[in-house]
Amino acid sequence: MVRYEPFNNTDDFFEQNGAVIEQNYFVFHNPLRLMFTEGIDVFRLYNLIGDEGSHAYCIWLSGNYYIVSFGWSEEIIEALNEQIEIAQFRNFVFTGHKDLLLSFLEVNNAEYRVLKDRIIYECLEPNALDNLPGNLVLASPEDLDELGTMSFEYHQAEYEEEAFRDEMYMRELVEAGIENGNIYKLVEGGVIYSMAQVIYNEPGPPLIGMLFTKPDFRGQGHATSLVHKLTSTLIDGGSEKCGLMSDAVNEASNRVFVKVGYVPIYNQLSVSINEGQ
Numbered sequence: 063m064v065r066y067e068p069f070n071n072t073d074d075f076f077e078q079n080g081a082v083i084e085q086n087y088f089v090f091h092n093p094l095r096l097m098f099t100e101g102i103d104v105f106r107l108y109n110l111i112g113d114e115g116s117h118a119y120c121i122w123l124s125g126n127y128y129i130v131s132f133g134w135s136e137e138i139i140e141a142l143n144e145q146i147e148i149a150q151f152r153n154f155v156f157t158g159h160k161d162l163l164l165s166f167l168e169v170n171n172a173e174y175r176v177l178k179d180r181i182i183y184e185c186l187e188p189n190a191l192d193n194l195p196g197n198l199v200l201a202s203p204e205d206l207d208e209l210g211t212m213s214f215e216y217h218q219a220e221y222e223e224e225a226f227r228d229e230m231y232m233r234e235l236v237e238a239g240i241e242n243g244n245i246y247k248l249v250e251g252g253v254i255y256s257m258a259q260v261i262y263n264e265p266g267p268p269l270i271g272m273l274f275t276k277p278d279f280r281g282q283g284h285a286t287s288l289v290h291k292l293t294s295t296l297i298d299g300g301s302e303k304c305g306l307m308s309d310a311v312n313e314a315s316n317r318v319f320v321k322v323g324y325v326p327i328y329n330q331l332s333v334s335i336n337e338g339q
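FYI, the numbering for the sequence shown is 63 to 339, going by the working numbering.
Here you go:
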């Protein structure tokens, strides 16, 4: 038997699920960010609670439907079918645990296209690593041109044919990050090798994003060095943990994160459904 728990507003949703969100903050990070973004409407918030700990936390927003779960059953899939009329969603993004979402889509014979297949990581304490190249430094306004170009190259590589930001947008994003003190660079001998952004959403722990190493310097330990030094800086500065998200198919990046001390905690899939119907 699955219990349906609807919520009238975000406050009720957070009051009921606060402990779960806090414990799994990095999994909830994107829907929480969108919920408080101007122009994004929240249409439905509800829980599905089954037997033996099975569950789903469901968040329907403008253009996005999130189904968060850390344990489910066939009954949960059936309950999702009762709550979600999949045919009514056109060019809509569904995001959830990879295995659950694929099961839900299969039951509904839904047409979909994979947008992102991600692994979500967290790190409580980085591993001890020696002889890491470069120095971690906060970016300065003088770095804007170079880091703006690097950030655009990052976006192109991250989203490939789905890239949706132009170079000016990424430059302005970096400019704001420099002003806010959350853009970092790995430098040595006056050369910038890698960059990253720290994403803060108080009161949650930080996420590391926009990790990019110039192509000519890859395979030389610069990404490992930046992630390790930045993670150490954040945890030594008082953060209880750090998170990041990685493409599941990017084996090189995933090896770096595991080497630094990050642990995979969630496989997240995003798909676009019923396109062109």
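Ideal Cβ positions, reconstructed from N, Cα and C, are used throughout, including at glycine.
Spatial distance of residue i from residue j (CA atoms)
i: V249; j: L162; result: 42 angstroms
i: M232; j: L107; result: 32 angstroms
i: H290; j: M257; result: 13 angstroms
i: V236; j: D192; result: 30 angstroms
i: S308; j: E77; result: 30 angstroms
i: A149; j: L164; result: 16 angstroms
i: V325; j: Y183; result: 5 angstroms
i: D228; j: S202; result: 22 angstroms
i: G299; j: Y328; result: 26 angstroms
i: D73; j: N79; result: 10 angstroms
DSSP three-state assignment for residue i, whether helix, strand or coil
i: T275; result: strand
i: E147; result: coil
i: D179; result: strand
i: P68; result: strand
i: K247; result: strand
i: Y174; result: strand
i: Y119; result: strand
i: Q282; result: coil
i: L110; result: strand
i: P195; result: coil
i: M307; result: strand
i: E77; result: helix
i: L164; result: helix
i: A238; result: helix
i: N189; result: coil
Other residues of its chain near residue i: CB distance less than 6 angstroms, five sequence neighbours each side excluded
i: R65; result: I111
i: S116; result: G133, W134, S135, I138
i: F279; result: Y255
i: G271; result: Q259, I261
i: G283; result: P195
For residue i: DSSP bridge partner residues
i: F154; result: I335
i: M257; result: K247, F274
i: Q330; result: H159, R180
i: N126; result: L123, V155
i: L200; result: Y246
Proximity test, residue i beta-carbon vs the ligand NAP heavy atom, cut-off 7 angstroms
i: F132; result: The ligand NAP is not among the ligands present in this structure, which contains no ligands whatsoever.
Check whether residue i and residue j have beta carbons under 8 angstroms apart
i: T295; j: L186; result: no
i: V260; j: P267; result: no
i: I335; j: F151; result: yes
i: I181; j: A314; result: no
i: T157; j: S287; result: no
i: Q127; j: F88; result: The residue asked about is misnamed: residue 127 is Tyr in this sequence, not Gln. Not in contact: Y127 and F88 (Cβ atoms no closer than 8 angstroms).
i: R95; j: N263; result: yes
Same chain only: Cβ atoms within 8 angstroms of residue i, ignoring 5 sequence neighbours per side
i: M63; result: G112, D113, E137
i: D103; result: L123, S124
Neighbour flag for residue i against chain C, beta carbons, 8 angstroms
i: L96; result: Although the question refers to chain C, the structure presented lacks it and comprises just one protein chain.
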